[in-house]
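**Student:** The structure follows.
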Amino acid sequence: MLLLISLFLTTGLFTASSAKLTCPSGWVSYSKSCYKVYHLSDTSYDDMRFRKADLFCGFRGGMLAEINSENENNFIKSFLANRTDITHGVWIGLRKMWGQFWMWDHSWDDVIFSDWADHQGTQEGLCGGMFRKYKYSWAPEECLPDKEMSCLCEKKLRHSNYWD
Ligand SMILES: *[C@@H]1O[C@H](CO)[C@@H](O)[C@H](O)[C@H]1NC(C)=O
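FYI, the numbering for the sequence shown is -19 to -1, 1 to 145, going by mature numbering (1 follows the signal peptide of the UniProt record, and there is no 0).
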């Protein structure tokens, strides 16, 4: 009996965690995350201001992408550059707090690694994205932009408990 129970638990644990460690279809996988680009036309919104993009990713079990390393940034730049459906840029989770310093909006982490396009980190705009015209380096943008933004959502893959 004990053996059966532990077999059951072990199998359950294995199934639960391996299921959580695969990206949903339509999302690309890199390291421990999944990424997906959405456009305004995928939403029911009439604009893609930063706050709506953030909510939209949240409703899909993710957040606006937060980039913490050069490798992650290089992967994302290559992934975005390979696409032809991005007209202007994608929101990532960059927000300028109190008009002073940049933070990652979801985790509230400081922005340690950064990839601002030339002199862009200090320009106007309290929300941040990756822009086609800068080969997907980062730049600030008005949080309610006058050009149509897309958004880059990220879901973290993580080992979960059997009970999750
Ligand atoms: C982008 O395209 C290049 C050339 O086809 C390919 O080598 C690379 O892996 C692609 N990048 C991503 C992230 O899909």
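Ideal placement from N, C-alpha and C gives every residue a C-beta, glycine not left out.
Can you tell me whether L75 is buried or exposed, with buried defined as 16 or more other CB within 10 angstroms of its CB?
**Tutor:** Buried.
**Student:** On the DSSP bridge assignment, give the partners of S6 in chain order.
**Tutor:** The partner list for S6 (beta bridge, DSSP) is empty, contrary to what the question assumes.
**Student:** Quick one: what's D91 bridged to in DSSP?
**Tutor:** DSSP output for D91 lists M84 as bridge partner(s).
**Student:** Identify whether C134 lies in helix, strand or coil by the three-state DSSP scheme.
**Tutor:** Here C134 sits in strand by DSSP.
**Student:** Does DSSP put I73 in a helix, in a strand, or in coil?
**Tutor:** Strand, per DSSP.
**Student:** Tell me the rounded alpha-carbon separation between V92 and W83.
**Tutor:** Near 6 Å, if we compare the C-alpha coordinates of W83 and V92.
**Student:** By the three-class DSSP mapping on this structure, what secondary structure does G39 have?
**Tutor:** Correct three-state label for G39: helix.
**Student:** Exposed or buried, which one is F31 when buried takes at least 16 other CB atoms within 10 Å?
**Tutor:** It counts as buried.
**Student:** Could you round the C-beta distance between N54 and D96 to whole angstroms and report it? I think they count as a contact, below 8 Å.
**Tutor:** That pair is a contact at about 5 Å.
**Student:** Tell whether a beta-carbon distance below 8 Å holds between G109 and E123.
**Tutor:** No, they are not a contact pair.
**Student:** Pick helix, strand or coil for S12, following the three-state DSSP scheme.
**Tutor:** It is coil, neither helix nor strand.
**Student:** Kindly indicate which three-state DSSP category A62 falls into: helix, strand or coil?
**Tutor:** A62 falls in the helix class under three-state DSSP.
**Student:** Nearest to K58 by CA position, among S6, F37, M111, H69, is which residue?
**Tutor:** Looking at the Cα atoms, M111 is the closest of the given residues.
**Student:** Here's the rule: buried if 16 or more other CB atoms are within 10 angstroms of the residue's CB, otherwise exposed. What is K33?
**Tutor:** Buried, since its Cβ has 16 or more Cβ neighbours within 10 Å.
**Student:** Using alpha carbons as the reference points, say which of K114, G80, T24 lies closest to T68.
**Tutor:** Selected option, being the one with the closest Cα: K114.
**Student:** In the DSSP output, what is G109 paired with across the bridge?
**Tutor:** In the DSSP output, where bridge partners are listed per residue, G109 has L75, P121.
**Student:** Can you give the beta carbon distance from S136 to S14, rounded, assuming they're within the 8 Å contact cut?
**Tutor:** Ser is not the amino acid found at residue 136; the sequence shown has Lys there. Yes, they are in contact, since the Cβ atoms of K136 and S14 sit about 7 Å apart, within 8 Å.
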